[in-house]
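Those letters in the sequence shown? Residues 808 to 1198, per the working numbering, in order.
Just so you know, even glycine gets a beta-carbon here, dropped at the ideal spot from N, CA and C.
Please read these numbers as outputs of a predicted model, since none were measured by experiment.
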Amino acid sequence: MLGFIQTLKQRTPLGLLQLKHDRMRLLTAIAGITFADVLIFMQLGFSDALLRTNTQYPRNLQADLVIISTQAKNFGQLRTFTRRRLYQAQDVPGVADADALYIGSADWRNPQTREETSMLILGQNPERPALNLPEVNQQLEAIRQPDTVVFDQASRGDYSTMIEQVNQGEFVTTEIGLRTVTVAGLFTVGASFADDGALITSDQNFLRLFPRRDAGTVSLGLIHLEPGYDPEQVQADLAERLPDDVLVLTHEGYIDFELAEIQSNSPVGFVFSLGTAMGFIVGTVIVYQVLSTDVNSHLAEYATFKAMGYRNSYLLGIIFEEALILTLFGFMPGMAISIVAYQLTEAATALPMLMPFSRTVIVFLLTLVMCTFSGAIATRRLQAADPADIF
């Protein structure tokens, strides 16, 4: 091991020297890799934000089992089913109770700007809270009042004055459709791609806000089990007992259903995946052009090495050394720019743009593969070159 390290120290860094020889070409390559990395980071960030925002309420459901319509696509497009299925579910051994959760989107008027924006509205039974949100569950008495809601203070838009008023104990009124509602409290979850924020209220208030919605049609059924019963066994019993217009899932199974729908069938998810692939392709092409030009520019020198007895593996090592250097020099500014872009995007859109360590590792490895693959393609002429032909 010590001998190997000593050999590395004595080795002339030909790859670095060749890159430094043409600084403009080096800067072009670094800029191209940086651009590709920023594009990949942003696409992965948006994709992760899509997954997080579309599952933030499903993850917080307080239920052992969840009933949804078989026509449901995702949390924003659940479709409704008859409440009779909940009554039927209560006849199955092990089911303690079954509650309805009403979900819809409506335009509400920002109390500050008076502009209308789309808000997700959830109507729950105040007797048995549907969501594991302590901020909401401490305000159940408030949402029992007619036309009263609690507001997600992480919503997209300017609500600073309203939030300050509510924190001081004041009630703020505004309109949803043709009804005047009172904002009596706050909670924190965050915006999504579909809606700018959310309001939570009681099931009765929800039906007042959506007069065309029948109380007998619900968005989600939340099943709570009696102690000692296996959720998967009760799930199987419910699936056998209930008609095929509904689907019974465990809580974790419902979250997986949401994730699978986004990753497999959502056009937005496909767009982000395509953007990531395009970033990789763009970076590969740029690095290939740089390394290919470098090989052609120094073909006579490489031929001299071969005539002196150096093997192809040594010459390939020079190219891969250049690829590794380009990876390091291009990745670091790409990550730095992406962190700043994440912060700006989160401030502008209220979407959760996080930079986990695992993502930096993934993008670094993609960059390394991108540069190494480009180097391998660029050296094809070098491997086949004959010193006699070159001279």
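Those residues which DSSP pairs with residue i across a bridge
i       : result
VAL956  : VAL990
GLU1153 : DSSP lists no partner for GLU1153.
LEU868  : LEU938
VAL873  : LEU1029 and LEU1056
ASN881  : GLN884
THR1024 : THR889
Collapsed DSSP secondary structure at residue i in the structure displayed
i       : result
GLN897  : coil
ALA1005 : strand
SER962  : coil
GLN945  : coil
VAL1053 : strand
PHE888  : strand
THR1186 : coil
ARG859  : helix
SER1165 : helix
GLN850  : helix
ALA998  : coil
GLY1137 : helix
MET1160 : coil
THR835  : helix
ARG1019 : coil
GLN919  : coil
ARG830  : helix
GLY1035 : coil
LYS816  : With a pLDDT of 46 at LYS816, under the threshold of 50, the modelled position of that residue is not reliable, and the figure given next carries that caveat. DSSP places LYS816 in helix when its eight states are reduced to three.
Local Cβ density within 10 Å of residue i, reported as buried at 16 or more and exposed below that
i       : result
GLY976  : exposed
ALA1143 : exposed
LEU908  : buried
VAL1097 : buried
MET831  : exposed
GLY1035 : exposed
GLN897  : exposed
VAL773  : The requested residue 773 is not part of the displayed model; the chain covers only 808 to 1198.
ARG921  : exposed
GLN1040 : exposed
LEU1049 : buried
PRO900  : exposed
SER1026 : buried
GLN878  : exposed
Unbroken beta strand (DSSP E) run spanning residue i, endpoints
i       : result
GLN931  : 923–931
TYR909  : 902–916
GLU971  : Not the beta strand (DSSP E): GLU971 falls in the alpha helix (DSSP H), residues 967–974.
GLY1028 : 1027–1032
GLU982  : 979–983
8 Å contact criterion, which residue i and residue j should meet: CB distance rounded
i       : j       : result
ALA1148 : VAL845  : 7 Å
ALA1130 : THR1179 : 5 Å
GLU1065 : PHE842  : The pair is not a contact, with the Cβ atoms about 33 Å apart (cut-off 8 Å).
THR1152 : GLY997  : Wrong, their Cβ atoms sit about 13 Å apart, outside the cutoff.
GLY1004 : MET926  : 5 Å
Limits of the unbroken alpha helix (DSSP H) element including residue i
i       : result
PHE1077 : 1074–1104
LEU1016 : 1010–1016
GLN1040 : 1038–1048
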